[in-house]
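Asks: Residue numbers (the working numbering): 374 to 546.
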Ligand code: SF4
Ligand code: SF4
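What follows is the structure, encoded as structure tokens:
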């Protein structure tokens with residue numbers, strides 16, 4: 374009998390969304406209406422400077438540490454949840470020189486911890502992880518496109534929620 378990967382509904386991945394304080398849950402431009410607008414902030418942009426008239430916004434972020442859609446440890450917008458939530462516990466890390474996407478996993482996920490400990494969990498993970506890794510790939514390509522879209526004269530910027538200011542991005546997507 375095969376064992377199916379099962380989220381333990383601890384809600385941990387929907388809390389501490391600002392664990393490094395600086396940035397929140399990443400939202401694609403098409404996802405901003407999923408959240409109250411007073412809980413969102415700009416996140417990613419490109420241009421000479423954020424005040425420049427041709428500055429272009431590429432992504433947004435949630436400012437809350439705990440997601441406002443979490444209720445009794447369950448997602449109340451599950452069918453419409455953002456891509457990063459769909460991809461969890463996978464994260465897009467970087468792109469190699471040959472264009473391959475590099476992923477990491479979130480070891481803090483309780484279900485994943487169990488998966489690592491149990492052979493049956495590992496078998497079950499294989500079927501589920503296909504979906505999550507596809508979602509992570511989608512975000513990866515989206516971020517990679519952002520990187521490729523930046524011309525030599527452009528600068529990528531990230532909005533730091535802690536400092537409440539834009540800073541030049543050193544991330545390599
Ligand atoms: S941290 Fe893992 S087990 Fe807990 S709610 Fe998120 S996906 Fe489920
Ligand atoms: S949208 Fe749903 S899955 Fe995503 S952080 Fe909020 S409650 Fe969690």
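Every residue gets a Cβ at the ideal spot worked out from N, C-alpha and C, and that includes glycine.
Inspect the beta-carbon positions of residue 528 and residue 436 and report whether they are closer than 9 Å.
Replies: No, Cβ-Cβ distance for residue 528 and residue 436 is not below 9 Å.
Asks: Does the Cβ of residue 454 lie closer than 8 Å to at least one heavy atom of ligand 2?
Replies: Yes - ligand 2 has a heavy atom lying nearer than 8 Å to the Cβ of residue 454.
Asks: Considering only their Cβ atoms, is the gap separating residue 531 from residue 444 smaller than 9 Å?
Replies: Against a cut-off of 9 Å, the Cβ pair of residue 531 and residue 444 comes out as no contact.
Asks: Alpha carbon to alpha carbon, how far is residue 419 from residue 426?
Replies: C-alpha separation (whole angstroms): 11 Å.
Asks: What does the Cβ neighbour count give for residue 383, buried or exposed, with the cut at 16 atoms within 10 Å?
Replies: So residue 383 counts as exposed.
Asks: Restricting to Cα atoms, I'd like to know which of 415, 483 and 446 is closest to residue 533.
Replies: Of 415, 483 and 446, the residue nearest in Cα terms is 415.
Asks: Put residue 461 into one of helix, strand or coil per three-state DSSP.
Replies: Coil.
Asks: Can you check DSSP and say which residues form a bridge with residue 529?
Replies: BP columns for residue 529 point to 419.
Asks: Roughly how many angstroms separate the alpha carbons of residue 389 and residue 431, rounded to a whole number?
Replies: If you take the alpha carbons of residue 389 and residue 431, they lie about 24 Å apart.
Asks: So what does DSSP say about residue 540, is it helix, strand or coil?
Replies: Note: residue 540 maps to strand in three-state DSSP.
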